[in-house]
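Enquirer: Handing you this structure, nothing more for now.
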Amino acid sequence: MAAETGTPTTLTLKSNDDELFSVAESAAILSVTIRNMVEDGCAGGVIPLDNVDGKTLASVITYMNGISAIPADEEKKKSYRDKFLSDKDFETLADMVLAANYLNMSCLMDAVSAKIAQVMEKKSVGWVRRKFGIENDYTPEEEAAVKEEHKWTFEGVETDDDN
Amino acid sequence: MKRAKGEEDGSKSMDIISVLPQEILERILYFLPQEYAVRTSVLSKSWRHVWCARPNLAFSVQTFKGKRQDFLITVDKTIQRYRVQRLCVEEFDLCILVDGSDCESVTFLENWIPLLKHMGMKKFDLSIHSRYSWAFTDMPSVVFGAESLQYLHVAKFVMDQKCIERLVLLKHLDQLHLEQVYIEDAVFQRIISSCPSIETMIIEGCEGLKKINLSDLPNLIYFYFDVVYEDELEEEPCSIEIHAPSSIETINITFGNIWFRKGAEFRNLINLHLRGVDSSLEHMSSCKFPILVWLSLSDCEGLKDIKLFIDAPSMLLFEYQGFFIPSISFGKTTSSWRSELNINYMQINNGYLWFLELNELLNS
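Chains as they are written, first to last, in my numbering: chain A, 1 to 163; chain B, 164 to 527.
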C-alpha cells in the first residue's frame, strides 16, 4: 500500500474478456472482494475478475470513482446512485447486480436491487412476466391454487401500464 | 454469454431475471412491499418460494381492506413458518389495529414480539391504532418491552402507567409519533428517558400533557407539536422546554408554550415555526440562530409587549401573521431574504400609532 510514499496506489483489474482497467485503490476497495485481496497482499500485479465482463466492469469503475469522490454525505451519494442508474436498461442492471454481488459491493447491490424492485412494484403479475420475459410454467389449476394461497396480495393496486 | 435483448413489444424474450442467483432475487424482493414480494410466487415455478426467506416482513392491516381476522392469521402463519424453518426476521414492519372491544390483536402481539426477538429481529417498526377515540382503549404494555423498536406510531390510545409497566431501554427508537393519545407528563417523561436516540418526535392532537421537557434527547432533529384547537382551551397550553440540543433542525409548535433559555444557541436549527404560542418569547432575543433559514410566527400572544431581536444571519424567509403589529428587529441578515407579513387587524384604536408601528417593523 502507498501510505508511505504519499502517491495514490493504482490497481489493475482484468475483466473476463481480458480488458485491463486502472483504478485508484481508494475507489476500488469499495469492493470488499478487492479490499480483501489488497489486505492479503494479493493485489500486486493484475487482479483478475473472472465473473465480470469488460463493459460491466467499465461501468462499475465509473461508479466506484464517482461515489468515492463524494464525501460522507448519504443524501448526495444517494442522488449520485439514482442518476448513475437512471439511464441503464434492464439487461445492464442485471449485469451490474451480478457484478456487485461478486465484488461484494453492498451499496451498489442495494441500489440496483431497489431499482429493479421499483419496476415490479404495483404491477400485475402478467405485466411483470412480459416485462422480464418470465415464462409461466404453471398449469392454470396450479396457478389458481398459488393465487388462492396468497389471496390477500391481489387486493391492492396493480396496473398493466408501463409507467 | 450474449443475451437476447429484452423486447417491449410482447414478443418472446429471454428471461434474464429468473436466472439470477437466489441471494440477488431475495435482495430485490427485500425492497418490495410485502404483498408484491409474496405475489411473485405466482410468476412461475422457479419463483414459487423465492420470497419465503427474505429477512424482512412488512404487514399492514390496511392492505387487508378491513378483514382484520385474515390479517392477523396471515401475519401469524408467516411468523410461525419462519420460526419452524428457523429463518431470521431481521426487520419487522407492522401496522395493526386494536379494537376497543376485543383483545385478540393484543394477544397476537403478545405472542409475536417475544417470538420475533428470538428470531433475530433487529429493527421493529410499529404503527398501532385503536379504532375509537383515545378515551376508550388502553395501550398494550407489550409494545414498550420490544427493545428493537426503531419507529413507533401510536394513535388513539390511553397511555397511562399500565402501558409502561414493561418499559425497557429502547436504544434504537429514532422516531416517536403520538397521535390523539391521552398521556400525562410523568408517563411521557418516563418513555422519552428510555429512548435516548429519538431524532424525530411528533406529538399530534394529544391530551393530558401539561409540561414536557425534551432535554433528555441529545439527538433530536425534528420536533412537531400541535393540539386540536378549541376556541376556549379549558386548560393552559402545554409548556415545552427544549434546551437547545445542538442537533435540532426543525421546531414546529402549534398551541404549545415553548420556553427559550436565555442565551441558548440553536446551532443546527433551520426551521422555526411557532403558532399560537402564548408564553413570552422575550428570551428568544438573546438566543443565536446561526443557520436558521425559515422563521414563521403566527398568532403568538407571546410577542405582545416585548421588543424582539432576532439573531439569524442566514435567514431567507420570515413570516408573520397576527392581530397586532409586533416589535421585531433583526441582526445581520443575508441580502436575499424576504418577509411576508399578514396582519389581520380587528379594530384600530389609534390609526396613527398603528402606522407608526407598522413603519417601524417594515424598516427593521
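Note that CB positions come from ideal geometry on N, CA and C, so glycine has one too.
1. Excluding sequence positions up to five away, which residues of its chain have a Cβ less than 7 Å from the Cβ of Ala-3(A)?
2. Going straight from the alpha carbon of Phe-487(B) to that of Leu-460(B), what length do you get?
3. Whose CA, out of Leu-315(B), Pro-476(B), Asn-219(B), Pro-489(B), lies closest to the CA of Arg-501(B)?
4. Does DSSP classify Val-182(B) as helix, strand or coil?
5. Below 8 Å on the Cβ atoms is my guess for Lys-334(B) versus Ser-293(B); work out the distance and round it to an integer in Å.
6. For Met-1(A), which residues in the same chain have their Cβ closer than 8 Å to its Cβ, ignoring the five residues on either side in sequence?
7. If we ignore side chains and look at the alpha-carbon of each, how far apart do Gln-197(B) and Ser-268(B) end up?
8. Below 6 Å CB to CB, which residues in the same chain sit around Leu-504(B) once its five sequence neighbours on both sides are set aside?
9. Can you tell me which of the three DSSP states Gly-485(B) falls into?
10. Rounded to whole angstroms, what is the Cα-Cα separation between Gln-324(B) and Leu-315(B)?
11. For Leu-279(B), which residues of its own chain have a beta-carbon under 6 Å away from its beta-carbon, when the five flanking residues on both sides are left out?
12. Residues of chain B with CB closer than 7 Å to the CB of Lys-147(A), please, in chain order.
13. Against Arg-81(A), what residues of chain B qualify as contacts under a CB-to-CB distance less than 9 Å, listed in chain order?
14. Starting from the C-beta of Leu-20(A), find all residues in its chain whose C-beta is less than 8 Å away, skip the five residues before and the five after it, and write them out in chain order.
15. If I follow the unbroken alpha helix (DSSP H) through Gln-197(B), where does it start and stop?
16. So Leu-93(A) is in the beta strand (DSSP E); what residue range does that whole segment cover?
17. Per DSSP, which residues does Leu-419(B) bridge with? Please list them.
18. Going by the CB atoms, is the gap between Thr-417(B) and Tyr-385(B) shorter than 7 Å?
19. Which residue's Cα is closest to the Cα of Glu-569(B): Ile-421(B), Ser-402(B), Asp-348(B), Glu-342(B)?
20. Quick check: is the beta carbon of Ile-191(B) nearer than 7 Å to any beta carbon in chain A?
21. How is Tyr-80(A) classed by DSSP in three states: helix, strand or coil?
22. Examine the Cβ distances between the segment 369-387 of chain B and the segment 329-348 of chain B and report whether three or more of them are shorter than 8 Å.
23. Spatial neighbours of Gly-494(B) within its chain, please: C-beta separation below 8 Å, excluding the five flanking residues on both sides.
24. Comparing the C-beta of Val-97(A) with each C-beta of chain B, is any distance below 7 Å?
25. Name, going along the chain, the residues of the segment 113-138 of chain A whose beta-carbon falls closer than 9 Å to a beta-carbon of chain B.
Expert: The structure says:
1. The count along the first sequence starts at 1 and reaches residue 3(A) at position 3. Note on Ala-3(A): pLDDT 46, under 50, position unreliable in the model; no value is reported.
2. In the second sequence, counting from the first residue as 1, residue 487(B) sits at position 324. In the second sequence, counting from the first residue as 1, residue 460(B) sits at position 297. Near 12 Å, if we compare the C-alpha coordinates of Leu-460(B) and Phe-487(B).
3. The sequence position of residue 501(B) within the second sequence is 338, counting from 1. The shortest CA-to-CA distance from Arg-501(B) to any of Leu-315(B), Pro-476(B), Asn-219(B), Pro-489(B) is the one to Pro-476(B).
4. Residue numbering aside, residue 182(B) sits at position 19 when the second sequence is read from its first letter. The answer is coil: DSSP assigns Val-182(B) none of H, G, I, E or B.
5. The residue given as residue 334(B) occupies position 171 in the second sequence. The residue given as residue 293(B) occupies position 130 in the second sequence. Their Cβ separation, rounded to whole angstroms, is 27 Å, which puts Lys-334(B) and Ser-293(B) out of contact at 8 Å.
6. Counting from 1 along the first sequence, the entry for residue 1(A) is found at position 1. Reliability fails at Met-1(A), whose pLDDT of 46 lies under 50, so the model's placement of it is uncertain and the value that follows must be treated cautiously. Here Met-1(A) has Thr-9, Glu-25, Val-38 as same chain residues with Cβ atoms under 8 Å from its own Cβ, once five neighbours each way along the sequence are excluded.
7. On the second sequence, position 34 is the one that residue 197(B) refers to. On the second sequence, position 105 is the one that residue 268(B) refers to. Roughly 20 Å between the two C-alpha positions.
8. Counted from its first residue, the second sequence places residue 504(B) at position 341. Correct list, in chain order: Tyr-483.
9. As a first step, residue 485(B) must be located in the second sequence, where it is residue number 322. If DSSP states are grouped into helix, strand and coil, Gly-485(B) belongs with the strands.
10. Position 161 of the second sequence holds residue 324(B). Position 152 of the second sequence holds residue 315(B). Taking C-alpha positions only, Gln-324(B) is separated from Leu-315(B) by approximately 18 Å.
11. Along the second sequence, read from residue 1 onward, the residue named residue 279(B) stands at position 116. Around Leu-279(B): Val-252, Phe-255.
12. Counting from 1 along the first sequence, the entry for residue 147(A) is found at position 147. Simply Val-205.
13. Position 81 of the first sequence, counted from the start, is the residue given in the question as residue 81(A). Under the 9 Å cutoff, chain B gives no residues; its nearest Cβ is about 13 Å from Arg-81(A).
14. The residue you call residue 20(A) lines up with position 20 of the first sequence. If we look at Leu-20(A) and ignore the five residues flanking it on each side, its Cβ neighbours are Thr-12, Leu-13, Lys-14, Val-46.
15. Within the second sequence, numbered from 1, the residue matching residue 197(B) stands at position 34. Looking at the DSSP string, the run of the alpha helix (DSSP H) that includes Gln-197(B) is 197-201.
16. To locate residue 93(A), count along the first sequence from 1; it is residue 93. Per DSSP, Leu-93(A) is not a residue of any beta strand (DSSP E); the alpha helix (DSSP H) it occupies stretches across 90-103.
17. For the purposes of this step, residue 419(B) is identified with residue 256 of the second sequence, where counting begins at 1. Strictly speaking, residue 419(B) in this sequence is Gly, with Leu absent from that position. According to DSSP, residue pairing for Gly-419(B) in a beta bridge involves Cys-401(B).
18. Reading the second sequence from its first residue, position 222 is the one you call residue 385(B). Reading the second sequence from its first residue, position 254 is the one you call residue 417(B). Their beta carbons are not under 7 Å apart, which means Tyr-385(B) does not touch Thr-417(B) by this criterion.
19. Residue 569(B) lies beyond the range of chain B shown here (164 to 527); nothing can be said about it.
20. The residue given as residue 191(B) occupies position 28 in the second sequence. It does; some Cβ of chain A falls within 7 Å.
21. Position 80 of the first sequence, counted from the first residue, corresponds to residue 80(A). Residue state, collapsed to three classes: helix.
22. Yes, the segment 369-387 of chain B is in contact with the segment 329-348 of chain B.
23. For the purposes of this step, residue 494(B) is taken as the residue at position 331 of the second sequence. Phe-472, Ile-473, Asp-474, Ala-475, Pro-476.
24. Walking along the first sequence from the start, residue 97(A) turns up at place 97. Cβ-Cβ to chain B under 7 Å: yes for Val-97(A).
25. Answer in chain order: Ser-113, Ala-114, Lys-115, Ile-116, Ala-117, Gln-118, Met-120, Glu-121, Lys-122, Lys-123, Val-125, Val-128, Arg-129, Arg-130, Lys-131, Phe-132, Gly-133, Ile-134, Glu-135, Asn-136, Asp-137, Tyr-138.
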